[in-house]
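For my numbering, add 836 to where a residue sits in the sequence shown, where the first one is 1. Written out below as structure tokens is the structure these notes cover.
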Amino acid sequence: MALFSALVFGQSLQEIQHVKIDNLSDAQIEQLIKRGESQGLNQQQMINMAAERGMPGSEVAKLRQRINSLQSGGISGQQLQNRGGGNQLRQLQRTENPVDLFDSLRKSDPYYDLTPKQKSIFGYKLFHSRELTFNPSLNIPTPQGYVLGAGDQLLIDVYGASQQSYDLTINPDGSIFVPNVGPIQAGGSSISAATVRIKAALSRIYAGLEGSNPNTFLDLRLGNIRTVSVSMVGELVRPGTYTLPSFASPFNALFAAGGPNENGSFRHIQVYRDNKLLKEIDVYDFLTRGEFTSTVYLQDNDVIIVPPIRSRVEIQGPVRREGLFEMKAGETVEHLIQFAGGFTSQAFTDRMTVTRMTGDEMRVEDVVAEHFDTFFPQDGDTYRVGEILNRFENRVQVTGALMRPGTFALIEGMGIRDLVSKAQGLREDAFVNRATLYRTKGDFSLEILPVDIQAILNDAQEDIVLRREDVLHIPSIYDLREEYYVKISGEVNRPGAFAFGENMTVADLVLKAGGFKESATAANIEIARRVKDDTSGKLAEIIHLEIDKDLKVTGTDALEALKPFDHVIIRRSPGFQREQLVRVDGEAFFPGEYAIARADERISDLVNRAGGLNPYAYPKGATLIRRNEFYSDLSEDELKAATLTKVKANISRDSLDRTESEKILSARIDQKIEESIRSGEAARDAMNTEDFRQQSIIDLGEAQEGVGEIQIRDTELIGINLEAILANPYGPEDLILREGDVLSIPRELQTVRMRGEVLYPTSARYRVHSGFKDYISRAGGFTEKSRRGRSYVVYANGDVQRTKKFLFINSYPPIEPGAEIIVPTKPEREPMSVQGWVGLATSLTTLVILIDRISN
């Protein structure tokens, strides 16, 4: 990447001055950020370095904007420019939780910025991995073969009888200057050679360094190392001159240059020094055998050349690593398979197909396994590995009523008797009179052979020799008949269908269904039994039984066992009634919920039970709120589940730990709650009459033009005259109570409300002698859109009275405290079009002419 190279290594200043940030992709900016972080540079340092290296101020600002956008996960500046997006940028900056798009790309594919061809080239990803670096380690001991050069720092320690330390730097002419000794030539020498030379020079002032028994010793260490300038040329991603540490190897230089490009060789990388070929590097040695160590350290003016590829082939199919591979002269298909990681388990390894280009056309050749080590690939070859066939050469199967049905290996001469023996014999429910053998013929058509298993196993019939892919099916006797069951419904805890058993009685079935509910009657139990072979028109045989709570059956059919498909029906006791609640709200002495005591209990009874009306009650405004047929109440099972849930919540609420009996009770309640919820949901799923009626009303409203959507309410307001009810209990005004009724008794009302098409909708104080128009005047009068003749009054008790007409005079309803006056709007009428006016004028003209002729 040219921009990063110029920033970090301080080169190509002219290049960085001409970089256009808008021409860089988001992937390149992302790579710049990552590589800068790997070098220890933060965002601001990278931007400052770009400015110091000569990048124009406008481009520096764009670079800062692009980096900020990527770091915050926003849209890039280039995308904003394409969208015209100043406002979009401000919106992105206000985003509280931005999503880093590049993080998601990296998680799904760490090489998302590579093309498919680049990903398929073996070795290409090595130099583009964000998790791998080839930076040289500077913390290793100084290699004895390291060649010193100008700029290297030498640390010399003299110890023993004499002690001295020297911190010297090699001069550009290759020498170091030692005080009291003079210059010593060190450049161009290895560490070991330089140690001998320096020791010999220092022995002139430290005599103890020489001799057979020295008492003074010398240690030479390398401090700061120099940098070297290396030229990277050829087929590289980013060719150029790079400044690297002197410990750098050719791999470090290749990584800095982005590695070979699509046309670059990975196996003939050449290192030149002093115009001579020093070493040729094969990256495949590192990729396939891990040979990474190298004795070659780069020096100033070294040149690394990546030539174009000489021979590249492709391998496809079930191998561990598909892709493009570079081949050297003398390498065979066997080497190619090794590069590809070998075959997978699905590969057909006996033969490969190669597509080869000749001088003027294509040619296909087959390479058998015996020639893998003698067949030499050529440039452009494509090798295809086939897959094994999806079929079995020795498989037979047995299914059905056997101890261990499954798949077995076919042995020569194996028959049905052997196959049944391998499956450990027949089950007791096996239907032995007839089995089926499914056989695949030579043309892959299916052949079905009947088999008498009993005869073959008893040697009464000759065994059948099996073939490859035969499937033997031995049915169960239960596969050949309808599955037997019995049903129970009504007042039991778990109604439903149960598996039929021989000698099963009604008591057994009731026990399976969880016993009777409290609402069950034991005096009227019916069994509905299917009728067979009866053409008289009889649909079912009905059997009546009596059974007590201890599950003892009495009657003439008490000991009769159930038969398959019997349906037992448990009736509800006629005397069982679940409590039904009503409520009194408002100005009664004891408002609240009350249980209905009798089926004929009325409003007056409820008022008396509530202590009567208090002095603040307004009986004329009392209303009755009643559920209608559309009210969807909880089913009995759902009410039971809700009650049991409350029981469980109250078990040992105040204790630290529950007793053993409470734990057992809690587990039992959990099971019953689950069963009640299932039963309630099943009952609710069934559409009842009210559901069908409600849907029919909605459909009718949608079908009628001008009706509009019909709002279905599950409760309604019933206007009552509580004064008349209390004055004449059990009279025609005194309604019989129903479950869910709410008697609402308001406090004395003193206002009248005006709504609709009046100038100022408001509420006004009630006046005894004020009429309808007086209250309209208090609301500012009618609007121009008001429909006065359709005005109506809703009284506090829910009654409604509309305006009547007599000889074009409106007779408005009287007003009472708490009333609400509603003035509707006139319907809008479309103005007559020009064509309509023309038609009307024509008709009038025709009528005038006709009248004139008749009069004459």
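Ideal Cβ positions, reconstructed from N, Cα and C, are used throughout, including at glycine.
Between the segment 1429 to 1448 and the segment 1584 to 1594 there are fewer than three inter-stretch CB-CB distances shorter than 8 angstroms, so the stretches are not counted as touching. Here DSSP, grouped into helix, strand and coil, assigns Met-1198 to strand. Unbroken alpha helix (DSSP H) stretches of 4 residues or longer found wholly inside the segment 856 to 880: 862 to 874, given in chain order. Distance from the CA of Thr-1272 to the CA of Thr-1243, rounded to the nearest whole angstrom, comes to 16 angstroms. In the structure shown, Glu-1098 adopts coil according to DSSP, grouped into three states.
Three or more pairs of CB atoms, one per stretch, sit closer than 8 angstroms, so the segment 1041 to 1054 contacts the segment 987 to 994.
DSSP links Arg-1462 through a beta bridge to Glu-1552. When the beta-carbon positions are compared, Arg-1407 and Gly-1337 stay at least 8 angstroms from each other. Met-882 carries a helical assignment under DSSP once its states are collapsed to helix, strand and coil. Asp-1254 carries a helical assignment under DSSP once its states are collapsed to helix, strand and coil. Under the three-state reduction of DSSP, His-1171 is assigned to helix. By the 16-neighbour rule on beta-carbons within 10 angstroms, Ile-1252 is buried. Annotated three-state conformation of Phe-1053 is strand, per DSSP. Under the three-state reduction of DSSP output, Gly-1222 falls in the strand class. A straight-line Cα-Cα distance of about 51 angstroms links Asn-1016 and His-1104. Collapsing the DSSP output to three states places Pro-1081 in a strand.
Bridge pairing for Asn-1633: absent [DSSP]. Asp-993 is bridged by DSSP to Ser-1001 and Asp-1055. By the Cβ neighbour-count rule, Lys-1456 is buried, with 16 or more other Cβ atoms within 10 Å of its own. Runs of the alpha helix (DSSP H) lying entirely within the segment 999 to 1045 and spanning at least 4 residues, in chain order: 1027 to 1038. In the structure shown, the three-state DSSP call for Val-1073 is coil.
Bounds of the alpha helix (DSSP H) holding Ala-1343 are 1342 to 1348. Going by beta carbons, Phe-1267 and Ile-1313 fall inside the 8 angstroms limit. Excluding residues up to 5 positions away in sequence, Ala-1259 and Gln-1260 lie with their Cβ nearer than 6 angstroms to the Cβ of Arg-1240 in the same chain. Using a 10 angstroms sphere on the CB of Arg-1366, the tally of other CB atoms stays under 16, which defines it as exposed.
Cβ-Cβ separation between Phe-1228 and Thr-1168: approximately 34 angstroms, too far for a contact (criterion under 8 angstroms).
Classified as exposed, Ala-897 has fewer than 16 neighbouring CB atoms from the shown chains inside 10 Å of its CB. Between Leu-1460 and the set Gly-959, Ser-1440, Leu-877 and Leu-899, the nearest pair of CA atoms involves Ser-1440. Here DSSP, grouped into helix, strand and coil, assigns Glu-895 to helix.
Arg-1414 is classed as exposed because its beta carbon has fewer than 16 other beta carbons within 10 Å across all chains shown. Put simply, of Arg-1187, Lys-1640 and Val-1684 the residue whose alpha carbon is nearest the alpha carbon of Arg-1624 is Lys-1640.
Contact between Tyr-1133 and Ser-1085 holds, since their C-beta atoms are separated by about 7 angstroms, short of 8 angstroms.
Secondary structure note for Phe-1608: its alpha helix (DSSP H) is the uninterrupted segment 1608 to 1614.
In this chain, the alpha helix (DSSP H) harbouring Lys-955 covers 952 to 956. Contact annotation: Leu-1316 and Val-1256 have beta-carbon atoms that are not nearer than 8 angstroms. Using a 10 angstroms sphere on the CB of Arg-1434, the tally of other CB atoms stays under 16, which defines it as exposed.
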